[in-house]
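Q: To convert, note that position 404 of the sequence shown is 404 in full-length UniProt numbering; the numbers rise steadily by one, no gaps. We put the CB at the ideal spot given by N, CA and C, even for glycine.
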Amino acid sequence: MRLFKSIIYTSITLATFTACSEFLDTRPNSSVPNETALQSREYFLGFLYQSYKALPSRAEFDYEAATDNALVNREVFAPSRAARGGVSASSNPLGDSWEANYASINSLNWFLERMVLDPSQPIPTPVRFDLNPEVNLQIFELSKGEAYFLRAWFQFDLLKKYGGLAADGQVYGFPISTSYLEYTDELDLPRNTYEECVQQIIADCDKAFEFLPLEYSQGSGSIPDGLTSDSGRPTGLSALALKARTLLYRASPAYNLTNDQSLWEEAAAAAAAAIQASGNDDLMPFSAYYNKNNLNDGDFSNPDLFFRGPIVLDDQNLEKENFPPRAFGGNGKFNPSQNLVDAFPMSDGYPIDQSPDYDGDQMFVNRDPRLDRFIVRDEESWAGLTMDTQQGGADAYGTDQNSTRSGYYLQKLLDPQVRLEPGKLVRTKRAVYLLTRPELYLNFAEAAIQATGNPDDARFGYSAREILAKVRNRALGEGKDQYLPTVLSQADFVDLLRNERRIETCFEDFRFWDLRRWSQGASDQSLINSPVYGIYSPDILEARQFASPYMPLPFSEMVKTENLVNNMGW
């Protein structure tokens with residue numbers, strides 16, 4: 001398809017790239033022909049390592065601010081325009097990652113096609129990775145495993161964002177490409193079915209698991225000396241976690257139109273296998289997990305982390321974007337909603353609408369401690385200030401063009417020690433977490449309750465209640481969750497699970513996609529179009545007006561190919 005034209009150009013004219021210190025200094029360059037790349041370890045591995053550069057390097061909140069969890073403080077910003085009906089067949093203010101994903105996939109295809117052993121040669125690997133023959137083969141296998149995992153990662157991103165039901169009644173994914181494509185190849189490729197895409201991703205995850213260690217040990221000596229560091233590399237656990245996530249999406253109502261129970265069973269089994277491989281550990285203590293940078297511990301050796309993006313040094317972008325204006329120029333951009341605040345239970349685990357202890361006039365008393373860690377409210381100390389968000393207050397809407405619209409500011413993922421004051425600047429080190437143990441546990445609990453109908457059914461080795469308790473206990477404290485044991489029916493447990501997922505993963509790029517995969521087909525807009533509220537008024541702050549739970553394919557790709565069919569609603 002013509003959509004690959006610029007992607008191929010990107011892959012064969014790779015700009016000079018210097019990897020971060022975590023990896024080798026690799027430089028694929030437009031002046032280096034393929035035969036030269038096959039003679040140099042640095043250039044050859046560059047086709048693998050340049051794909052790491054395409055991973056997210058920071059938390060992106062745009063999609064979150066197009067859900068009922070949040071909104072932006074100005075309607076001109078892309079999330080507001082998208083959520084209020086701005087997404088169409090010809091325009092998507094939220095942007096797209098179609099071309100970037102295919103550029104990475106095509107580069108990885110080039111790499112994998114050449115990762116073949118030839119035992120008849122003195123050096124059986126495509127290039128000499130290390131002078132030591134044993135280490136040379138180790139690096140070959142590790143690099144091959146990384147490439148399979150990364151290809152699965154970029155394929156899943158395409159499936160998540162563009163998979164959907166088309167007008168012909170078929171659920172489609174993306175055009176699968178597993179061969180390096182050039183201008184002379186047939187490029188007008190149709191979309192593969194959703195199931196075919198899932199099978200391709202699973203196959204790549206399985207291959208990655210075959211070649212990668214289950215997990216790298218901390219410290220030196222964890223990988224062959226020919227590679228500089230294991231920091232930031234995927235592991236076998238990364239592959240298992242991505243496989244479990246993919247199968248959960250496949251089983252979800254938006255793509256599993258007949259509610260095939262076997263798909264839920266496969267998703268639960270895959271998540272259970274990942275849990276078992278990871279040790280079925282309890283989550284890190286609340287105080288340790290949400291310390292400096294909240295999800296980032298500074299050393300990025302968090303045992304609940306399975307895969308992350310690149311480390312960014314001396315950063316203050318998230319703080320500049322989300323600190324209140326009084327904090328020396330904070331833009332206060334992403335504002336948590338009252339909807340999200342109301343989703344946090346009481347400290348005993350009971351929802352606020354089922355607790356006799358909840359008082360709307362003192363709504364922050366005896367609440368889930370995550371509320372104080374994730375959201376900044378009135379009278380709270382934050383960014384060196386005491387917040388005043390009441391109407392007419394120093395941090396209230398209308399005081400500054402960058403003040404909050406909802407009455408709340410964002411805290412999760414921000415570093416409270418960062419300072420924006422000229423002459424007293426404080427920056428931080430961070431990385432975005434991409435696959436974690438909490439998500440894996442939530443994935444299992446969701447698949448298990450759908451597969452069994454019983455919160456206590458442990459046919460997969462664990463019960464949905466047992467695993468969900470690990471997530472809630474980390475926040476509420478061991479033995480303090482009085483509500484979870486009372487939830488008996490499948491429907492009530494699903495409601496609880498979805499709400500817990502909403503809280504635990506807020507602002508981690510899950511809510512937007514969860515609401516869509518939970519939708520019951522193209523005509524179901526009930527989840528994706530919930531209005532957003534603030535604290536100081538019962539009026540709707542911002543409506544949601546999406547035409548379909550399935551997102552449109554990029555218009556620029558639709559107009560330059562004949563075989564692409566769009567999702568319903570566009």
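(1) So the alpha helix (DSSP H) Asn109 belongs to, where does it begin and stop?
(2) Work out the CA separation of Leu414 and residue 578 for me, nearest whole Å.
(3) Thinking just about the alpha-carbon of each residue, which of Gly329, Phe444, Leu117 and Arg430 is nearest to the one in Glu266?
(4) For the segment 263 to 348, which segments carrying the alpha helix (DSSP H) assignment without a break, of at least 4 residues, lie completely within its bounds, in sequence order?
(5) Considering only residues of the same chain and omitting the five flanking positions on each side of Lys160, which have a CB-CB separation below 8 Å?
(6) Could you tell me the distance, in whole angstroms, from the CA atom of Ser489 to the CA atom of Gln450?
(7) Return the CA-CA distance between Leu410 and Leu48, expressed in angstroms with no decimal places.
(8) Kindly indicate which three-state DSSP category Asn192 falls into: helix, strand or coil?
(9) When you compare only the Cα positions, how much space is there between Asp113 and Asp96?
(10) Assign Leu181 to one of three DSSP states: helix, strand, or coil.
(11) With C-beta atoms as the reference, is Lys243 less than 7 Å away from Cys197?
(12) Roughly how many angstroms separate the alpha carbons of Tyr216 and Glu504, rounded to a whole number?
(13) In terms of residue numbering, what span does the alpha helix (DSSP H) encompassing Thr452 cover?
(14) Rounded to whole angstroms, what is the Cα-Cα separation between Gly86 and Gly398?
(15) Report buried or exposed for Ala475, applying the criterion of at least 16 other Cβ atoms within 10 angstroms of its Cβ.
(16) For Leu420, which residues in the same chain have their Cβ closer than 7 Å to its Cβ, ignoring the five residues on either side in sequence?
(17) Have a look at the DSSP bridge pairing and note the partners of Asp400.
(18) Can you tell me whether Asp342 sits near the ligand SAM, meaning its C-beta is under 6 Å from at least one heavy atom of the ligand?
(19) Whose C-beta lies closer than 7 Å to the C-beta of Ser51 among residues of the same chain, with five residues either side of it excluded?
(20) Given Leu527, which residues of its chain have a CB within under 7 Å of its CB, disregarding the five upstream and five downstream residues?
(21) Would you kindly check if the distance between the Cβ of Leu263 and the Cβ of Lys470 is under 7 Å?
(22) Could you name the residues of the same chain whose beta carbon sits closer than 7 Å to that of Ser278, not counting the 5 residues immediately before and after it, in chain order?
(23) Would you report the Cα separation of Leu295 and Pro124, rounded to the nearest angstrom?
(24) I'd like the list of long-range same chain contacts for Pro554, defined as Cβ closer than 6 Å, with 5 residues on each side in sequence excluded.
(25) Is it buried or exposed for Asp495, if we count other Cβ within 10 angstroms and need 16 for buried?
(26) Which runs of the alpha helix (DSSP H) at least 4 residues long sit entirely within the segment 542 to 567? Give them in chain order.
(27) If you measure between the beta carbons of Ile201 and Gln155, is that distance less than 7 Å?
(28) Is the CB-CB distance between Asn529 and Pro552 below 7 Å?
(29) Does Trp513 come out as helix, strand or coil in the three-state DSSP assignment?
(30) Do you know how far the Cα of Leu165 is from the Cα of Pro253?
(31) Taking only the alpha-carbon atoms, compute the straight-line gap between Ser120 and Leu137 and give it to the nearest angstrom.
(32) Pick out whichever of Ala431, Pro485 and Lys144 has its Cα sitting closest to the Cα of Pro213.
(33) Which residues in the same chain as Tyr358 place their Cβ atom closer than 7 Å to its Cβ, once the five residues preceding and following it in sequence are excluded?
(34) Taking only runs of the alpha helix (DSSP H) that begin and end inside the segment 114 to 178, which ones reach a length of at least 4 residues, in chain order?
(35) Going straight from the alpha carbon of Ala543 to that of Pro531, what length do you get?
A: Quick answer:
(1) Trp98 to Arg114
(2) The first residue shown for the chain is 1 and the last is 570, placing residue 578 beyond what the model contains.
(3) Phe444
(4) 286 to 289, 317 to 322 and 338 to 343
(5) Tyr249 and Trp513
(6) Their backbone Cα atoms lie some 11 Å apart in a straight line.
(7) 36 Å
(8) coil
(9) With the sequence shown as reference, residue 113 is identified as Glu, and Asp is not the correct amino acid for it. Near 28 Å, if we compare the C-alpha coordinates of Asp96 and Glu113.
(10) coil
(11) no
(12) 26 Å
(13) Counting along the chain, the alpha helix (DSSP H) containing Thr452 begins and ends at Arg437 to Thr452.
(14) In this model, Gly86 and Gly398 are separated by some 25 Å (Cα to Cα).
(15) buried
(16) Cβ contact annotation for Leu420 (same chain, cutoff 7 Å, sequence separation greater than five): Gln316, Glu319, Lys320, Phe323, Ala327, Phe328, Gly329 and Gly330, in chain order.
(17) Tyr397
(18) With respect to the ligand SAM, the structure shown offers nothing to examine, as it has no ligands at all.
(19) Excluding positions up to five away in sequence, the list reads Ser104, Ser107, Leu108 and Leu150.
(20) The residues Leu515, Trp518 and Ser519, in chain order, have a CB closer than 7 Å to that of Leu527 in the same chain once the five nearest residues on each side in sequence are set aside.
(21) no
(22) Leu237 and Arg437
(23) Residue placement at Leu295 is flagged as unreliable, the pLDDT there being 44, under the threshold of 50; a coordinate-derived value is accordingly withheld.
(24) Asp96 and Trp98
(25) Label assigned to Asp495: exposed.
(26) 555 to 558
(27) Yes, they are a contact pair.
(28) no
(29) helix
(30) Between Pro253 and Leu165, the C-alpha separation is close to 11 Å.
(31) 15 Å
(32) Lys144
(33) Cβ within range, chain order: Met346 and Ile352.
(34) 133 to 162
(35) 5 Å
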